[in-house]
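161 is the number that numbering that gives the first Met the number 0 gives to position 162 of the sequence shown; each next residue is one higher, with no gaps. The beta-carbon is built from N, C-alpha and C at its ideal position, and this holds for glycine as well.
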Amino acid sequence: MLVLLAAPLAALPPTLPEARANNPVARLDTSDGALWFTGLGVAAGKAQSDIRADGWLWMSGDIAWQPVPALPAFEGLAGRLGSHAVVLGGAIHVIGGYTVAEDHAERSTPGVYRLRAGEPPEWDRVTTMPVPVDDAVALVHGEERLLLVSGWSDTGNVNLVQVWDAKTGQWTQAEPWPGAPVFGHAGGLIGDALVVCGGARIEYPADGPRQFRAIDVCWRGDLRADDPRRLDWRPLPPLPGGPRYRAGALGLHAHGADRVVFVGGADRAYNYDGIGYDDVPAEAMAAVVSFDLDNHRWDCHTPLPKSRMDLRGLVVEDDRLVVVGGLDGERRVVDDVLSVQLSPPRSCNP
């Protein structure tokens, strides 16, 4: 369980070695301090040639980020978008994502890689997803179990909840996602409860091509103690502030309640250049909201100091939420690290 504490932040370097958006982020507690990873995603040009697969590590007390080699290529392409970074079994893992070829063809990648933080760091492929997904929600339950909720798989969204046990190496299917399948959604887990919101669903108009519509729909799932593959789903009130795509989210205990916190995101689904699939530029958000699981309500908090979208992770360090990289309000790829306290909750109503 993550609990916000009143302690000083062991500050990360204020900038990354290179600006990145759509970059997964993970933090691992070790006997030597906190080990951070970020990377992959897209660099400043936001073109196919700017999609990256390398990254960096930073250990508490270090002066600078240290390079991590690129993930192994998938079908000749190494760059990754829409991937996830989580801590499983005491190690940082990177999950899935998709590649983009020169002709802009996209492929969901099935590999799950564990990072060996040695000298030099190396990637070990540890398993293969039964159904490859990207832009899903990746949650860790009990330090050893990975849940992948919905997401995009090659040609469309799936309603699967895929579960991998890092200890046994086994994949199973949990209770399916009950809503419209989505990609670019966000969520968090605390204890046995998870909250997943937003993303984009596919709509098929009577005439014209299919459309990707950002939504504000939210669901809560409760894992059963007697069979963690069983999820008791129930709908929640919609996200305050409307649809939200590629926000950052996590579950934690703060201000006297278990919460799932959502930060930033965009008002519409978009391609990796920040332009919506409807050809309208996406607008980045600064809003910070949380769902109070104990009192079944949405709370609002002081916004981020800067708008951020295209996030693939949100991390807590001491009593602060940490956002690394992303796209800013002008849809520029940034290299900075935002660190903010989660302010006391207030009503989201005007």
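Less than 7 angstroms between the beta carbons of residue i and residue j, yes or no?
{"i": "Val136", "j": "Gly95", "result": "no"}
{"i": "Gly189", "j": "Gly247", "result": "Position check: residue 189 holds Ile in this sequence, whereas Gly was assumed. Not a contact, by the Cβ cut-off of 7 angstroms."}
{"i": "Leu238", "j": "Arg219", "result": "no"}
{"i": "Glu143", "j": "Ala165", "result": "yes"}
{"i": "Ser149", "j": "Pro180", "result": "yes"}
{"i": "Asp134", "j": "Gly197", "result": "no"}
{"i": "Arg245", "j": "Asp291", "result": "no"}
{"i": "Asp221", "j": "Asp191", "result": "yes"}
{"i": "Leu326", "j": "Ala20", "result": "yes"}
{"i": "Gly365", "j": "Ala52", "result": "Examination of residue 365 is not possible in this model, given that the chain is present from 0 through 349 alone."}
{"i": "Ala104", "j": "Val332", "result": "no"}
{"i": "Leu147", "j": "Ala253", "result": "no"}
{"i": "Thr29", "j": "Val323", "result": "no"}
{"i": "Leu87", "j": "Met58", "result": "no"}
{"i": "Ala84", "j": "Pro23", "result": "yes"}
{"i": "Val93", "j": "Gln47", "result": "no"}
{"i": "Ala283", "j": "Gly328", "result": "yes"}
{"i": "Leu11", "j": "Val336", "result": "yes"}
{"i": "Leu15", "j": "Asp334", "result": "yes"}
{"i": "Asp49", "j": "Ala42", "result": "yes"}
Which residues bound the beta strand (DSSP E) around residue i?
{"i": "Arg124", "result": "Glu121 to Thr127"}
{"i": "Pro71", "result": "From DSSP, Pro71 is part of no beta strand (DSSP E); its letter is neither H nor E."}
{"i": "Glu142", "result": "Segment: none, Glu142 is in no beta strand (DSSP E) and carries neither H nor E."}
{"i": "Ala213", "result": "Gln210 to Ala213"}
{"i": "Cys347", "result": "No beta strand (DSSP E) holds Cys347; DSSP gives it neither H nor E."}
{"i": "Ile189", "result": "Ala185 to Ile189"}
{"i": "His357", "result": "Examination of residue 357 is not possible in this model, given that the chain is present from 0 through 349 alone."}
{"i": "Ala33", "result": "Gly32 to Gly38"}
{"i": "Val195", "result": "Ala192 to Cys196"}
{"i": "Leu27", "result": "Val24 to Thr29"}
{"i": "Glu329", "result": "Looking at the DSSP string, Glu329 is not in any beta strand (DSSP E), and its letter there is neither H nor E."}
{"i": "Val314", "result": "Val314 to Glu316"}
From the DSSP output, which residues share a beta bridge with residue i?
{"i": "Thr171", "result": "Val162"}
{"i": "Ile62", "result": "Answer is none; Ile62 lacks a bridge partner."}
{"i": "Glu202", "result": "Gln210"}
{"i": "Ala265", "result": "Tyr244 and Ala283"}
{"i": "Val85", "result": "His92"}
{"i": "Asn156", "result": "Trp151"}
{"i": "Arg106", "result": "Thr98"}
{"i": "Arg307", "result": "Met284"}
{"i": "Tyr112", "result": "Val93 and Arg124"}
{"i": "Gly220", "result": "Leu193 and Trp232"}
{"i": "Arg319", "result": "Glu316 and Gln340"}
{"i": "Val67", "result": "Gly54"}
{"i": "Asp133", "result": "Trp151"}
{"i": "Thr14", "result": "Asp335"}
{"i": "Ser289", "result": "Val260 and Asp298"}
{"i": "Val181", "result": "Partner(s): none; Val181 has no beta bridge."}
Would you report the Cα separation of residue i and residue j, rounded to the nearest angstrom?
{"i": "Trp232", "j": "Pro119", "result": "44 angstroms"}
{"i": "Gln65", "j": "Ala205", "result": "52 angstroms"}
{"i": "Tyr97", "j": "Asp266", "result": "22 angstroms"}
{"i": "Pro304", "j": "Pro13", "result": "15 angstroms"}
{"i": "Val2", "j": "Leu145", "result": "Reliability fails at Val2, whose pLDDT of 41 lies under 50, so the model's placement of it is uncertain and no value is given."}
{"i": "Gly60", "j": "Ser338", "result": "17 angstroms"}
{"i": "Ala286", "j": "Gly110", "result": "33 angstroms"}
{"i": "Val195", "j": "Phe73", "result": "29 angstroms"}
{"i": "Leu76", "j": "Val139", "result": "28 angstroms"}
{"i": "Thr171", "j": "Ser107", "result": "20 angstroms"}
{"i": "Leu8", "j": "Asp272", "result": "With a pLDDT of only 43 at Leu8, under 50, the local geometry of the prediction cannot be trusted, and the value read off the model is given with reservation. One C-alpha to the other measures close to 33 angstroms."}
{"i": "Asp317", "j": "Val262", "result": "17 angstroms"}
{"i": "Arg228", "j": "Thr167", "result": "15 angstroms"}
{"i": "Asn156", "j": "Arg200", "result": "8 angstroms"}
{"i": "Ala5", "j": "Tyr203", "result": "Bear in mind that a pLDDT of 35 at Ala5, under 50, signals an unreliable position, so the number given afterwards is only what the model happens to contain. One C-alpha to the other measures close to 49 angstroms."}
{"i": "Pro177", "j": "Ser289", "result": "21 angstroms"}
{"i": "Met0", "j": "Glu101", "result": "Legend: pLDDT at Met0 = 42, less than 50; position of this residue unreliable, value from coordinates given subsequently. If you take the alpha carbons of Met0 and Glu101, they lie about 43 angstroms apart."}
{"i": "Arg212", "j": "Tyr112", "result": "31 angstroms"}
{"i": "Ile91", "j": "Gly255", "result": "29 angstroms"}
{"i": "Gly275", "j": "Gln210", "result": "11 angstroms"}
{"i": "Ala69", "j": "Asn294", "result": "44 angstroms"}
{"i": "Thr126", "j": "Arg115", "result": "15 angstroms"}
{"i": "His184", "j": "Arg243", "result": "8 angstroms"}
{"i": "Val130", "j": "Gln169", "result": "14 angstroms"}
{"i": "Thr154", "j": "Pro208", "result": "14 angstroms"}
{"i": "Gly44", "j": "Ile62", "result": "27 angstroms"}
{"i": "Val260", "j": "Leu39", "result": "24 angstroms"}
{"i": "Glu121", "j": "Val67", "result": "7 angstroms"}
{"i": "Ala224", "j": "Ser306", "result": "39 angstroms"}
For the ligand COA, any of its heavy atoms closer than 6 angstroms to the Cβ of residue i?
{"i": "Asp231", "result": "The ligand COA is not part of this structure, which contains no ligands at all."}
Threshold first: 3 residues or longer. Then list the beta strand (DSSP E) segments lying entirely within the segment 226-260, N to C. Runs of the beta strand (DSSP E) spanning 3 or more residues and lying entirely within the segment 226-260 occur at 230-235 and 247-253, in chain order.
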